[in-house]
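Visitor:
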Amino acid sequence: PIVLREGADPRLASIVEDIDREGRKLNLFMEEVFRTAMTYGLSHILVDMPKSSKPNPTLADDIAENRRPYWVHYKPRQLIGYKSRRVGSQQMLTQVRLREVTMEEDGDYGEREVVRIREIGLTSYTIWRQTVVDGVTQWVIEDSGPMTLGFVPFFTVYTGRTGFQLATPPLEDLAWMNVAHWQSSSDQRNILHVARVPILFSSGLGEEADKLVIGPNRHIQGPENSTMQYVEHSGAAIDSGRQDLLDLEDNMRLMGLELLMPMNGGGQTATAKALDYADINSPLQFMALGMQDVIDLALWASARWMNLPTTATAKVKVNTDFGITLRDAADVQGLIQARIAGEISRETFWRELKRRNILADDFDEKAEMLLVQKEEQEAM
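Letter by letter, the sequence shown follows residues 12 to 391 in my numbering.
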């Protein structure tokens, strides 16, 4: 679980219990954000504030109206445009344009899709609503107002950053391997269909062949020297296809371990080698730490919306205890190569991973084997 560090302001801690004003706690909200980031390489959070009924609301007014900041998750394709400039050593957003699609009531029972563009700048915001008048699409201003924060409260979680607001999916190679698995599985099912339906072959029957009735409990007698037999698939291709699927599945399982492998930082000094291997960060640990930084920034922006003193802060701790040590990484790489080459069995591979604390202590090899066999049967 994501936990607040000691010293968190209680006013900020209170919004964590319902971070999006839809009943979701911070853990559930960030799970969705991080899952999207793993899919696309990046994911976004907007820290928004409901509009007040008073022109210059005070903290007392906000408390009376139960007005507080909330977080909104935006997927990468919803960010249709942005502007930025460099401030010191950082690239700073000066405008974002976000596409939103909602369903609204249309009559007593119907619904209609409504498209909006939310434009947020440093000094103002505008919400554009798409309308159709006489068959012509138009955009009208639905709402607008000032922005008082001095910055755009829009933050990005990266898992495969290649540049500012640019990223590649960290599991893209695995996705392509899924495509290869689907293609091989499709071929395997097709060849099974062919192999399960034998072809009846006959010779020397002449014109009598068209009058024959083929089926169970029937005897067929043809002219002298005529033959009739079933031709069946040899089955060699079936085993080859099955082995291809098993190899792909093994590689797909092992590919997931790459996110846990320590990142290659180049040459190491003797002092560095003497450091505790557990301090070496894996790609997944860096992703989790990056998400932790974004959560801290979003909480800081929430404090600014609430007009809290600059001393009022809240920081979180995200679990990163899932890395593999350098020694374990070398061992695992060797085990992976041996497993792919067929030098060791799946059971041995699992046992060695369990011995290195990569698999959970309650990992049941027999139960897992049943699950693997079930997957293999479903794939055939």
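Ideal Cβ positions, reconstructed from N, Cα and C, are used throughout, including at glycine. All values reported here derive from a predicted model rather than from experimental measurement.
Could you check whether Ala325 and Leu39 sit closer than 9 Å to each other, using their CB atoms as the reference points?
Guide: It is not a contact, given that the beta carbons lie outside the stated cut-off.
Visitor: On the premise that Ile26 lies in contact with Pro80, defined as a C-beta separation below 8 Å, what is that separation, rounded to the nearest angstrom?
Guide: Contact holds; Cβ gap of about 7 Å.
Visitor: Could you check what DSSP says for Arg96 in three-state terms: helix, strand or coil?
Guide: Residue state, collapsed to three classes: strand.
Visitor: Count the other CB atoms, across all protein chains shown, that sit within 10 Å of the CB of Trp187; report buried if there are 16 or more and exposed otherwise.
Guide: Result: exposed.
Visitor: From the DSSP output, in three-state form, read off Tyr81 for me.
Guide: Three-state result, Tyr81: strand.
Visitor: If Glu115 sits next to Arg123, beta carbons under 8 Å apart, how far is it from one beta carbon to the other, in whole angstroms?
Guide: Confirmed, about 6 Å.
Visitor: Return the chain-ordered list of same chain residues with a C-beta closer than 8 Å to the C-beta of Val343, the five sequence neighbours on each side being excluded.
Guide: Leu268, Met272, Ile335, Leu364, Arg367, Ile369, listed in sequence order.
Visitor: Sorted by chain position, which residues of the same chain lie with C-beta nearer than 8 Å to Gln149's C-beta, five sequence neighbours on each side aside?
Guide: Gln141, Thr142, Val143.
Visitor: Report, in whole angstroms, the separation of the C-beta atoms of Tyr120 and Leu104, which I expect to be a contact under 8 Å.
Guide: Contact flag wrong, Cβ pair sits at about 42 Å.
Visitor: In this structure, does DSSP put Ala5 in helix, strand or coil?
Guide: In this structure the chain extends from 12 to 391, so residue 5 is not present and cannot be described.
Visitor: Alpha carbon to alpha carbon, how far is Ala247 from Asp198?
Guide: Answer to the nearest angstrom: the Cα atoms are 14 Å apart.
Visitor: When DSSP builds the beta bridges, which residues end up paired with Pro157?
Guide: In DSSP, Pro157 forms a bridge with Ser135.
Visitor: Nearest by alpha-carbon distance to Phe175: which of Phe212, Ser251, Phe166, Phe360 is it?
Guide: Per the Cα distances, Phe166.
Visitor: Any contact of the stretch 305-320 with the stretch 55-74, i.e. 3+ C-beta pairs under 8 Å?
Guide: Yes, the stretch 305-320 touches the stretch 55-74.
Visitor: Below 9 Å between beta carbons: does that hold for Gly52 and Thr179?
Guide: Closer than 9 Å, so yes.
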